[in-house]
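Asker: Residue numbers (the working numbering), protein chains in the order written: chain A, 8 to 115; chain B, 8 to 115. Virtual Cβ for every residue (Gly too), placed ideally from N, Cα, C. Only a predicted model underlies this, so the values are computations on that prediction, with no experimental measurement involved. Next up is a structure, given as structure tokens.
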DNA sequence: ATTAAATTCGTCTTTGTCGAATAAATGGAA
DNA sequence: TTCCATTTATTCGACAAAGACGAATTTAAT
């Protein structure tokens, strides 16, 4: 499977990065996941996934300037690549088609 | 994550079982995945996932009668439980809300 | 017996998860 | 003004869960 597919958490992280647009970095992503997905997650888990997604070519990153505040070191900002957008769309389309194929009786 | 969450493949298998309604067993599920998801998968992978989904309470199973054909041994037929339906719906709703939250600029 | 359809077993890779270590910036105290 | 405690962030190292496959086993028909 290596490289091509999106894991369950990987997909969520990708979507959340897109949601945060210009402000997607570790802590913000962690908080957004916990709020929008009702799910606890640690910051190291988030960073781990971010790194793998970048290696797969689904994310790219750049450093921000340090912020003028206590401990405000530079952040690693992420953005979804075209490839990443494609993977997300593919995954969504596939699932939508599966949902459409479910006969009424199956869920009664 | 154990028990509660749906892995990427687990979700697909669950949806495919729902698609196949009364005819969901190993081989049929494998073929349906390959056709609908454009993705190669072996029969043992399918069975492995089916078993895990059953242990999690998302699937239930029963044996069919042997079919009257060469080597036609009884099939293990699967059906999505109420719990499974709930997990699928939850997963879908969460992703839909994330998609809605993506600002136009993010994907330009 | 041989062949065919199906499921189970054992093993390995990839993803998911976390705690602890490290890095960089600020604000005070000596 | 130099150091150190504190704060915000990322990286490292280890392990658990999920994904994947080949080989073995079971059961039925020829």
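Residue 114 of chain A versus chain B: which residues are under 8 Å apart at the beta carbon?
Answerer: Here the neighbours are 25, 87 and 92.
Asker: If residue 86 of chain A and residue 24 of chain A are in contact, beta carbons under 8 Å, what's the gap, nearest whole angstrom?
Answerer: Going by Cβ atoms, the distance from residue 86 of chain A to residue 24 of chain A rounds to 7 Å, so yes, they are a contact pair.
Asker: The beta strand (DSSP E) with residue 69 of chain B in it runs from where to where?
Answerer: Run containing residue 69 of chain B: 66–70, per the beta strand (DSSP E) assignment.
Asker: Leaving out five residues on either side along the sequence, give the residues of the same chain with a beta carbon under 6 Å from the beta carbon of residue 32 of chain A.
Answerer: Once the five neighbours on either side are set aside, the close Cβ partners of residue 32 of chain A are 82, 83 and 84.
Asker: Tell me whether the beta-carbon of residue 13 of chain A lies closer than 8 Å to the beta-carbon of residue 96 of chain A.
Answerer: Their beta carbons are not under 8 Å apart, which means residue 13 of chain A does not touch residue 96 of chain A by this criterion.
Asker: Rounded C-beta distance between residue 17 of chain B and residue 59 of chain B? I'm assuming under 8 Å.
Answerer: Contact flag correct, Cβ pair sits at about 7 Å.
Asker: Closest to residue 68 of chain B by C-alpha separation, out of B/75, B/108, B/11 and B/57, would be which residue?
Answerer: Ranking B/75, B/108, B/11 and B/57 by Cα distance to residue 68 of chain B puts B/57 first.
Asker: Given a cut-off of 8 Å on the beta-carbon distance, is the pair residue 88 of chain B and residue 66 of chain B in contact?
Answerer: Against a cut-off of 8 Å, the Cβ pair of residue 66 of chain B and residue 88 of chain B comes out as a contact.
Asker: Of all the residues that make up the segment 43–60 of chain B, which are near chain A by a beta-carbon distance shorter than 7 Å?
Answerer: Under the 7 Å Cβ criterion, the segment 43–60 of chain B contributes 43 and 44.
Asker: DSSP on residue 86 of chain B, reduced to helix/strand/coil?
Answerer: Strand.
Asker: Distance, Cα to Cα, residue 22 of chain B vs residue 54 of chain B?
Answerer: The straight-line gap from Cα to Cα measures roughly 15 Å.
Asker: Between B/48, B/44 and B/106, which lies nearest to residue 105 of chain A when the distance is taken from Cα to Cα?
Answerer: Among B/48, B/44 and B/106, the Cα nearest to that of residue 105 of chain A belongs to B/44.
Asker: Using a Cβ-Cβ distance cut-off of 8 Å, determine whether residue 62 of chain B contacts chain A.
Answerer: Judged by the 8 Å Cβ criterion, residue 62 of chain B is not in contact with chain A.
Asker: Would you check if the distance between the CB atom of residue 90 of chain B and the CB atom of residue 64 of chain B is smaller than 8 Å?
Answerer: Yes, these two residues count as a Cβ contact at 8 Å.
Asker: How many angstroms separate the CA atom of residue 110 of chain B from the CA atom of residue 26 of chain A?
Answerer: Cα-Cα distance, rounded: 6 Å.
Asker: In the structure shown, what three-state DSSP assignment does residue 97 of chain A receive?
Answerer: If DSSP states are grouped into helix, strand and coil, residue 97 of chain A belongs with the helices.
Asker: According to DSSP, is residue 55 of chain B part of a helix, a strand, or is it coil?
Answerer: If DSSP states are grouped into helix, strand and coil, residue 55 of chain B belongs with the helices.
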